[in-house]
Amino acid sequence: MSDISKLYSEKVMDHFQHPHNMGKVEDCSGKGRVGNPVCGDLMELQIKVEKSPSADGGKEIITDAKFQTFGCGAAIATSSMLTDLIIGKTIEEAKKVSNQAIIEALGGLPPVKRHCSVLAEEALEKAINDYLEVKKKGRIKI
Amino acid sequence: MSLDKQVYLDYAATSPVKKEVLDAMLPYLTEKFGNPSSLHSWGQESRQAVDDSRRLIAKFLNVKEKEIIFTSGGTESDNMAIRGIIIGLGARLKKEAAPMHIITSQIEHHAVLRTCQYLEKNGLAEVTYLKPNLDGIIDQNKVKEAIKENTALVSIMYVNNEIGAVQPIREIGKMIESENRKRTIRETRIYFHTDAVQATEYQEMNVEYLHVDLLSFSGHKIGAPKGVGVLYKKENLPFQKMIFGGEQEMNLRAGTENVAGIAAIAKAIEILQENKAEKVEAVNKMRNYFIEKIEKEISDIELNGSRELRSPNNINFYFKYIEGESILLNLDLVGIAASSGSACTSQSLEPSHVLVSVYDNPERAHGSIRFTIGEKTTNEEIDYSVEKIKEIVEKLRAMSPLVPEK
């Protein structure tokens with residue numbers, strides 16, 4: 001039957017039931033916590049950034065990302081999808097991952113749940129800024 | 001329906017039509033299809049069914065037959081009661097009278113709240129929305145303190161639909177009667193309405209005992225179909241009808257009668273009266289079993305509503321650190337139906353006004369789940385449900401950034 005789950009695409013339900021990259025990153029390079037339990041959504045994204053050893057000058061690459069989320073099915077699925085989309089990307093590439101890209105990757109979201117994808121985008125932005133800030137202060141070696 | 005197991009724990013949302021009820025109503029959809037307003041035998045057969053149903057329900061509430069109005073459901077009954085009195089009184093008092101005052105509570109059903117807000121917005125009434133205590137109960141003394149010279153109507157629900165809190169309707173009714181005795185002729189008296197939609201099956205419904213002037217209830221919560229309800233309105237109240245047309249329902253509610261629905265709601269009332277005390281006791285026991293089991297198996301939870309003044313069918317828990325919609329989705333995936341106070345399950349994205357009012361804590365509303373059981377719920381279903389609830393809560397807490405680090 002699963003009437004409630006018909007609200008969501010198969011992809012959303014799949015990520016909701018079997019979320020990818022849940023938890024915390026060991027020695028994370030940056031984190032972003034957005035939302036508020038009062039509003040019913042709270043997301044924390046942690047990323048690990050490492051320099052690629054390749055010949056191209058060593059780009060900063062997100063080698064790991066993990067999330068923890070308090071929220072509805074859409075909030076959990078967007079968090080999970082976000083980590084999938086950014087792992088392996090350079091910081092510059094990851095900056096371009098928009099909420100729309102998350103929605104598309106999930107095969108769509110109901111209109112009332114679009115704010116969850118915005119929250120995910122904000123978490124990413126905050127985590128990247130956190131990383132850049134920390135790097136600027138020279139507290140981590142890349 | 002691919003799941004092997006299906007457990008329905010949302011009886012306060014709606015209930016299945018009972019077999020006997022269906023048998024009683026079906027003939028009025030097919031061979032006995034006459035319009036009760038028609039003089040011929042088809043019509044008279046339908047008229048008889050409506051009259052018999054009215055007699056049975058009048059007896060159930062211990063009121064006169066002409067005081068029973070059939071409606072389309074609880075919402076219409078609530079709308080009709082409140083608007084009917086305020087607009088009816090307004091017509092009687094003429095324009096120079098100050099707007100009338102309504103006392104209601106913050107935890108009423110939207111059928112009552114939105115009607116009050118509509119009257120307020122249109123300058124037809126001023127409204128006091130009482131805050132319940134921490135058990136979700138409206139204190140009769142608070143109702144008394146809120147009474148003003150222009151108070152014309154008090155509307156307090158009998159049983160809250162979300163947290164199952166049973167309100168002191170009889171006490172409030174008696175208090176209003178004694179206030180009315182103190183009133184001078186110049187003032188109007190105060191009328192008392194109760195929304196008894198969630199009370200019908202389990203509480204005392206004798207109107208004389210309750211001391212109410214108006215009472216609403218609905219068919220689909222008690223094993224009749226959706227689309228039929230009842231408003232009890234004491235005779236000779238100042239009252240303005242809302243639906244205009246023919247002279248059905250003592251000229252108070254126009255429209256050809258929903259004969260099959262009316263036959264059904266009467267049958268449902270007849271059935272629920274059979275061994276009522278035993279049935280209430282059995283459901284009550286099942287509810288206690290459910291509550292105790294959850295409290296034993298799962299940590300970091302709180303029961304919403306009163307432990308003692310609680311409807312026999314209602315179980316409502318706050319599961320800390322996790323969100324209601326994701327709990328409901330997971331429950332649905334294992335075949336369990338419940339409901340949530342979370343904003344994420346509503347189109348408006350507003351958390352439950354009931355939980356927010358009682359606990360002043362939106363986070364609690366987001367993380368609360370209501371289970372409502374019925375006569376048919378079994379121990380085995382509860383065992384299965386608690387086992388699954390436990391797994392789901394653990395799974396979601398593992399994901400939550402709110403769980404305190406150990």
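Residue numbers (UniProt numbering), protein chains in the order written: chain A, 1 to 142; chain B, 1 to 406.
Built from N, CA and C at the ideal position, the CB exists for glycine as well.
Please check if any C-beta of chain B sits within less than 9 Å of the C-beta of Arg33 of chain A.
On the first sequence, position 33 is the one that residue 33 of chain A refers to. For Arg33 of chain A, the answer is yes, since a Cβ of chain B falls inside 9 Å of its Cβ.
Exposed unless 16 or more other CB atoms sit within 10 angstroms - verdict on residue 407 of chain B
The structure shown does not extend to residue 407 of chain B, since chain B spans only 1 to 406, so no value can be given for it.
Can you tell me which of B:Ile156, B:Ser400, B:Arg307 and B:Thr128 puts its alpha carbon nearest to the alpha carbon of Lys320 of chain B?
Walking along the second sequence from the start, residue 320 of chain B turns up at place 320. That would be B:Ser400, whose Cα lies nearest to the Cα of Lys320 of chain B.
Using a Cβ-Cβ distance under 9 Å, would Gly73 of chain A count as near chain B?
Taking the first residue of the first sequence as 1, we reach residue 73 of chain A at position 73. Yes - at least one Cβ of chain B is within 9 Å of the one on Gly73 of chain A.
When you compare only the Cα positions, how much space is there between Gly88 of chain A and Val283 of chain B?
The residue you call residue 88 of chain A lines up with position 88 of the first sequence. The residue you call residue 283 of chain B lines up with position 283 of the second sequence. Those two C-alpha atoms are separated by around 56 Å.
Compare the C-beta of Glu92 of chain A against all C-beta atoms of chain B and say whether one is closer than 9 Å.
For this step, residue 92 of chain A is matched to residue 92 along the first sequence. No, Glu92 of chain A does not count as interfacial toward chain B.
Nearest candidate by alpha-carbon position, reference Arg47 of chain B, set B:Gly34, B:Lys59, B:Leu56 and B:Glu270
Looking up residue 47 of chain B in the second sequence gives position 47. Out of B:Gly34, B:Lys59, B:Leu56 and B:Glu270, B:Gly34 has the C-alpha closest to the C-alpha of Arg47 of chain B.
Complete runs of the alpha helix (DSSP H) confined to the stretch 45-96 of chain B [at least 4 residues]:
DSSP runs (the alpha helix (DSSP H)) wholly in the stretch 45-96 of chain B: 74-93.
Candidates B:Ala268, B:Ile265 and B:Leu231: which alpha carbon is nearest Met250 of chain B's?
Within the second sequence, the letter at position 250 stands for residue 250 of chain B. Taking only the C-alpha atoms, the option nearest Met250 of chain B is B:Leu231.
Cβ-based neighbour list, Asp64 of chain A, same chain, cut-off 6 Å, excluding 5 preceding and 5 following
Counting from one through the first sequence, the residue named residue 64 of chain A turns up at place 64. Closer than 6 Å at the Cβ level, and outside the excluded window around Asp64 of chain A, lie Val25 and Lys48.
For the beta strand (DSSP E) containing Ser117 of chain A, name the first residue and the last one.
Position 117 of the first sequence holds residue 117 of chain A. Careful: Ser117 of chain A lies outside any beta strand (DSSP E), inside the alpha helix (DSSP H) at Arg114 to Lys136.
Straight-line Cα distance separating Pro312 of chain B from residue 408 of chain B
The first residue shown for chain B is 1 and the last is 406, placing residue 408 of chain B beyond what the model contains.
Is Glu92 of chain A buried or exposed, if buried means 16 or more other CB atoms sit within 10 Å of its CB?
For the purposes of this step, residue 92 of chain A is taken as residue 92 along the first sequence, with counting starting at 1. When all chains shown are included, Glu92 of chain A counts as exposed.
Any beta carbon from chain B within less than 9 Å of Ile76 of chain A's own beta carbon?
Working through the first sequence from its first residue, we reach residue 76 of chain A at position 76. Chain B, which has a Cβ nearer than 9 Å to the Cβ of Ile76 of chain A, makes this yes.
Going along the chain, which unbroken runs of the alpha helix (DSSP H) with 4 or more residues stay wholly within the stretch 301-374 of chain B?
324-333, 353-359 and 362-366
Taking Ile85 of chain B and Ala146 of chain B to be in contact with their CB atoms under 8 Å, please state how far apart those CB atoms are, rounded to whole angstroms.
Numbered from its first residue, the second sequence carries residue 85 of chain B at position 85. Numbered from its first residue, the second sequence carries residue 146 of chain B at position 146. Their Cβ separation, rounded to whole angstroms, is 17 Å, which puts Ile85 of chain B and Ala146 of chain B out of contact at 8 Å.
Taking only three categories from DSSP, how would you classify Pro53 of chain A?
The residue you call residue 53 of chain A lines up with position 53 of the first sequence. Three-state result, Pro53 of chain A: coil.
If you measure beta-carbon to beta-carbon, which residues of the stretch 109-125 of chain A are closer than 7 Å to chain B?
Val112
Pull up the CB-CB distance for Ala264 of chain B and Ala224 of chain B, whole angstroms please, since I reckon it's below 8 Å.
Here residue 264 of chain B refers to the residue found at position 264 of the second sequence. Here residue 224 of chain B refers to the residue found at position 224 of the second sequence. About 4 Å; that satisfies the 8 Å criterion.
Would you mind sorting Ala75 of chain A into buried or exposed? The rule is 16 or more other CB atoms within 10 Å of its CB.
What you label residue 75 of chain A is simply residue 75 of the first sequence in a count that begins at 1. Ala75 of chain A comes out buried.
Might you give, ordered along the chain, the residues of its own chain that have their beta carbon closer than 6 Å to the beta carbon of Ile301 of chain B, omitting 5 neighbours on each side?
Taking the first residue of the second sequence as position 1, residue 301 of chain B is located at position 301. Counting only Cβ-Cβ distances below 6 Å, and skipping sequence neighbours, we find Phe317 and Phe319.
Using DSSP with H/G/I as helix, E/B as strand and the rest coil, what is Met1 of chain B?
Position 1 of the second sequence, counting from 1, holds the residue named residue 1 of chain B. Residue placement at Met1 of chain B is flagged as unreliable, the pLDDT there being 46, under the threshold of 50; the coordinate-derived value follows with that caveat. Look at Met1 of chain B here: in three-state DSSP terms it is coil, with no helix or strand label.
Scan the stretch 39-72 of chain A for residues whose Cβ lies nearer than 9 Å to a Cβ of chain B and list them as they occur along the chain.
Going along the stretch 39-72 of chain A in chain order, one finds Cys39, Gly40, Asp41, Leu42, Met43, Glu44, Phe67, Gln68, Thr69, Phe70, Gly71 and Cys72 with a Cβ nearer than 9 Å to chain B.
At least one CB of chain A closer than 9 Å to the CB of Glu323 of chain B: is that the case?
Sequence index remark: in the second sequence, residue 323 of chain B carries index 323 (1-based). At least one C-beta of chain A is nearer than 9 Å to the C-beta of Glu323 of chain B.
I want to verify the contact list: residues of chain A whose CB lies under 7 Å from the CB of Glu363 of chain B, in sequence order.
Numbered from its first residue, the second sequence carries residue 363 of chain B at position 363. Neighbours of Glu363 of chain B on chain A, chain order: Pro37 and Val38.
Do three or more CB pairs link the stretch 381-400 of chain B to the stretch 281-297 of chain B at distances below 8 Å?
yes
Excluding the 5 residues preceding and the 5 following Lys5 of chain B in the sequence, name in chain order all residues of the same chain whose CB lies nearer than 7 Å to its CB.
Numbered from 1 along the second sequence, position 5 holds the residue referred to as residue 5 of chain B. Here Lys5 of chain B has Gly335 and Tyr384 as same chain residues with Cβ atoms under 7 Å from its own Cβ, once five neighbours each way along the sequence are excluded.
Considering only C-alpha positions, which residue in the set B:Tyr158, B:Glu208 and B:Thr128 is nearest to Asn62 of chain B?
The residue labelled residue 62 of chain B in the question sits at position 62 within the second sequence. That would be B:Glu208, whose Cα lies nearest to the Cα of Asn62 of chain B.
Helix, strand or coil: which one does DSSP assign to His193 of chain B?
Taking the second sequence and counting its residues from 1, the one referred to as residue 193 of chain B is at position 193. Of the three classes helix, strand and coil, the one that applies to His193 of chain B here is strand, per DSSP.
Within the 9 Å Cβ cut-off, does Met1 of chain A reach chain B?
Numbered from its first residue, the first sequence carries residue 1 of chain A at position 1. Note on Met1 of chain A: pLDDT 41, under 50, position unreliable in the model; the coordinate value appears next. For Met1 of chain A, the answer is yes, since a Cβ of chain B falls inside 9 Å of its Cβ.
Residue of A:Glu104, A:Glu121 and A:Ala123 minimising C-alpha distance to Tyr8 of chain A:
Here residue 8 of chain A refers to the residue found at position 8 when the first sequence is read from its first residue. It is A:Glu104 whose Cα lies nearest to the Cα of Tyr8 of chain A.
Which residues, taken in chain order from the stretch 380-399 of chain B, show a beta carbon closer than 9 Å to some beta carbon of chain A?
From the stretch 380-399 of chain B, only Leu396, Ala398 and Met399 have a Cβ closer than 9 Å to chain A.
So what does DSSP say about residue 151 of chain A, is it helix, strand or coil?
The structure shown does not extend to residue 151 of chain A, since chain A is modelled only from 1 through 142, so no value can be given for it.
Mind checking the stretch 301-331 of chain B against chain A and listing, in chain order, the residues whose C-beta falls within less than 7 Å of any C-beta there?
Here the close residues are Tyr321, Ile322, Glu323, Glu325, Ser326, Leu328 and Leu329.
Tell me whether Ser41 of chain B sits in a helix, a strand or coil according to DSSP, three-state version.
Along the second sequence, one-based indexing puts residue 41 of chain B at 41. Helix, per DSSP.
With 9 Å as the threshold, decide whether the Cβ of Gln100 of chain A is near any Cβ in chain B.
Locating residue 100 of chain A in the first sequence gives position 100, where the first residue counts as 1. No, Gln100 of chain A does not count as interfacial toward chain B.
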